[in-house]
Amino acid sequence: MDSLQQRSSTVQEPPGAAPARRTTPPEWRPRTDPAPLLPDAEPLRVLGTDAMADADPALLLRLYAELVRGRRYNTQATALTKQGRLAVYPSTTGQEACEIAAAAVLEDRDWLFPSYRDTLAAVARGLDPVQALTLLRGDWHTGYDPHEHRIAPLCTPLATQLPHAVGLAHAARLKGDDVVALAMVGDGGTSEGDFHEALNFAAVWQAPVVFLVQNNGFAISVPLAKQTAAPSLAHKGVGYGVPARLVDGNDVVAVHQVLTEAVARARRGGGPTLVEAVTYRIDAHTNADDATRYRESAEVETWRAHDPVLILERELTERGLLDEDGRRAAAEAAETMAADLRERMNADPVLDPMDLFSHVYKEQTTQLREQAAQLRAELEAEGEA
Numbered sequence: 069m070d071s072l073q074q075r076s077s078t079v080q081e082p083p084g085a086a087p088a089r090r091t092t093p094p095e096w097r098p099r100t101d102p103a104p105l106l107p108d109a110e111p112l113r114v115l116g117t118d119a120m121a122d123a124d125p126a127l128l129l130r131l132y133a134e135l136v137r138g139r140r141y142n143t144q145a146t147a148l149t150k151q152g153r154l155a156v157y158p159s160t161t162g163q164e165a166c167e168i169a170a171a172a173v174l175e176d177r178d179w180l181f182p183s184y185r186d187t188l189a190a191v192a193r194g195l196d197p198v199q200a201l202t203l204l205r206g207d208w209h210t211g212y213d214p215h216e217h218r219i220a221p222l223c224t225p226l227a228t229q230l231p232h233a234v235g236l237a238h239a240a241r242l243k244g245d246d247v248v249a250l251a252m253v254g255d256g257g258t259s260e261g262d263f264h265e266a267l268n269f270a271a272v273w274q275a276p277v278v279f280l281v282q283n284n285g286f287a288i289s290v291p292l293a294k295q296t297a298a299p300s301l302a303h304k305g306v307g308y309g310v311p312a313r314l315v316d317g318n319d320v321v322a323v324h325q326v327l328t329e330a331v332a333r334a335r336r337g338g339g340p341t342l343v344e345a346v347t348y349r350i351d352a353h354t355n356a357d358d359a360t361r362y363r364e365s366a367e368v369e370t371w372r373a374h375d376p377v378l379i380l381e382r383e384l385t386e387r388g389l390l391d392e393d394g395r396r397a398a399a400e401a402a403e404t405m406a407a408d409l410r411e412r413m414n415a416d417p418v419l420d421p422m423d424l425f426s427h428v429y430k431e432q433t434t435q436l437r438e439q440a441a442q443l444r445a446e447l448e449a450e451g452e453a
């Protein structure tokens, strides 16, 4: 018992020690004032507001032409899936304002990091529409040279392109290159760990990267309310020290303005920005999805009234910037693009099975060389037969 009492007193307080005194903890305060990081209470809108008076008419007409072209691209690609020319197509009908604005705000030296749904953004940045669809056709994993176009490979795993964007942007800054990365992701992607890791690294490193979240309401069949209880997806930036913006994703002028400001901020060393664009996925998740199983048609029709093409067209018409000739010219240019895409996609691609071994490693491994030799021998034997 004496031994136990001695051990107990040793743990609690040595015999003869002065009574313990309570101490006041050091004063704590946030490292960063959260107020400037918070998004606005309502999504920013420009169309239909007094801010339209400051908009550049030439820019407005260019955005309109790109929106019309983008809508036609979506409808043509969707038709190609029904004809068996594409294995799958995730449409961005209804989201064209986000896609077009994302491409428009970048300089040639900047990088775009798209998700699998963002083929339109890649095309708007100048990528050949056929090359943009190569992955979805099943010909190549990436049908273009990412370095040539400054467009990262279309990313089918959710959100894994976001840390890549941060890494590239951080590396560019370390090298002294004046480069900004713009990474696109859907609302479903914000539930992935890569999203949170990317925001954390971007904030700590103050990397010149812009995150554009296209909140289209659903992650396949899962509505946003079943993914997060946050006031908005933009609020998620505050926890990482990333300033956030909330914008009407169907207002192409507003999206262009917010992204322009975010890119400029990143370029001058201000660090990352998280932009949530509130939009809607009019079409199903892909051509393989039946959206009627999880949402009402009335909801879709409500969003059709806020169509990004129509609301810009109406605004330009009311302001006298767009007439029937202008509408016809934009439609004809879009149809020319669609006809060319249709014709080239209807031609069977010439594929070389040996391409399976290309671009896997800079230098092929022993196993790959053995497998390539085996396949080559089989192809030659088949040809001789």
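Just so we're aligned, residue 69 is where the sequence shown starts under our numbering, counting upward by one. Note that CB positions come from ideal geometry on N, CA and C, so glycine has one too. A quick note: this is a predicted structure, and the numbers were derived from the prediction, not measured.
*What residue does the beta strand (DSSP E) around threonine 341 start on, and which one ends it?*
341-346
_With 16 other Cβ atoms within 10 Å as the buried cut-off, status of lysine 304_ = buried
*Can you name, in chain order, every residue of its own chain whose Cβ lies under 7 Å from the Cβ of alanine 189, other than the five neighbours on each side?*
Glu167, Ala170, Ala171, Leu180, Pro182, Met252
*Looking at the structure shown, is serine 183 part of a helix, part of a strand, or coil, going by DSSP?*
strand
*Where DSSP assigns a beta bridge to aspartate 316, which residues make up the other side?*
Val346
*Looking only at its own chain, which residues have a Cβ that is under 8 Å from the Cβ of valine 428, when we skip the five neighbours before and after it?*
Leu436
_Between the CA atoms of threonine 202 and cysteine 223 - distance to the nearest angstrom_ = 13 Å
*Roughly how many angstroms separate the alpha carbons of glutamate 329 and glutamate 369, rounded to a whole number?*
32 Å
*asked:* Check this for me: beta carbons of valine 198 and leucine 409, under 8 Å apart or not?
replied: yes
*Do the CB positions of serine 289 and tyrosine 212 come within less than 8 Å of each other?*
no
*Please report how far the alpha carbon of arginine 75 lies from the alpha carbon of proline 98, in whole angstroms.*
In this prediction, arginine 75 has a pLDDT of 46, which is less than 50 and means its spatial position is unreliable; what the coordinates show is noted afterwards. About 42 Å.
*Reduced DSSP secondary structure (H/G/I, E/B, other) of aspartate 148*: The question names aspartate, yet the displayed sequence has leucine at residue 148. Residue state, collapsed to three classes: helix.
_Tell me which residue opens and which closes the alpha helix (DSSP H) that methionine 405 is part of._
392-413
_Quick check on the DSSP output: the beta strand (DSSP E) that includes phenylalanine 425 runs from which residue to which?_
Run containing phenylalanine 425: none; DSSP gives neither H nor E here.
*Can you give the Cα-Cα distance for proline 276 and leucine 267, rounded to whole angstroms?*
12 Å
*Starting from glycine 116, trace the alpha helix (DSSP H) both ways and give me its first and last residue.*
Taken as a continuous stretch (DSSP letters only), glycine 116 belongs to no alpha helix (DSSP H), as it is neither H nor E.
*asked:* For glycine 261, report the span of its alpha helix (DSSP H) as first-last.
replied: 261-273
_Could you check whether leucine 443 and proline 421 sit closer than 8 Å to each other, using their CB atoms as the reference points?_
yes
_Taking 8 Å as the threshold (C-beta atoms), are glutamine 229 and aspartate 255 in contact?_
no
*Verify whether the separation of the beta carbon atoms of proline 299 and threonine 341 is less than 8 Å.*
no
*Helix or strand or just coil, what does DSSP make of proline 291?*
strand
*Give a yes or no on whether the C-beta atoms belonging to arginine 113 and alanine 322 are separated by under 8 Å.*
yes
*Looking at the unbroken alpha helix (DSSP H) that takes in alanine 441, where does it start and where does it end?*
434-452
_serine 426 classed as buried or exposed, judged by whether at least 16 other C-beta atoms fall within 10 angstroms_ = exposed
*With 16 other CB atoms within 10 Å as the buried threshold, where does valine 173 fall?*
buried
*Between the C-alpha atoms of leucine 154 and aspartate 351, what's the straight-line distance to the nearest angstrom?*
16 Å
*What three-state label does DSSP hand leucine 128 in the structure shown?*
helix
_Span of the beta strand (DSSP E), counted from its first residue to its last, around alanine 249_ = 249-254
*asked:* On the criterion of 16 or more Cβ atoms from any shown chain inside 10 Å, does serine 159 qualify as buried, or is it exposed?
replied: buried
*Taking one C-beta from the region 367-387 and one from the region 100-110 each time, how about it: are there three or more such pairs within less than 8 Å?*
no
*To the nearest angstrom, how far is it from the Cα of aspartate 316 to the Cα of alanine 165?*
9 Å
*Residues in its own chain within less than 7 Å of arginine 185 by CB, not counting five upstream and five downstream?*
Pro158, Thr160, Gly254
*Contact belief for leucine 115 with leucine 380 at Cβ below 8 Å, rounded distance in angstroms*: 7 Å
*Among Val272, Leu327, Gly261, which has the Cα closest to the Cα of glutamine 282?*
Leu327
*My understanding is that threonine 347 touches glycine 152, with C-beta atoms under 8 Å, so please give their C-beta distance in whole angstroms.*
Incorrect: roughly 30 Å between the Cβ atoms, too far for contact.
*Give the DSSP bridge partners of valine 368, in chain order.*
Partner(s): none; valine 368 has no beta bridge.
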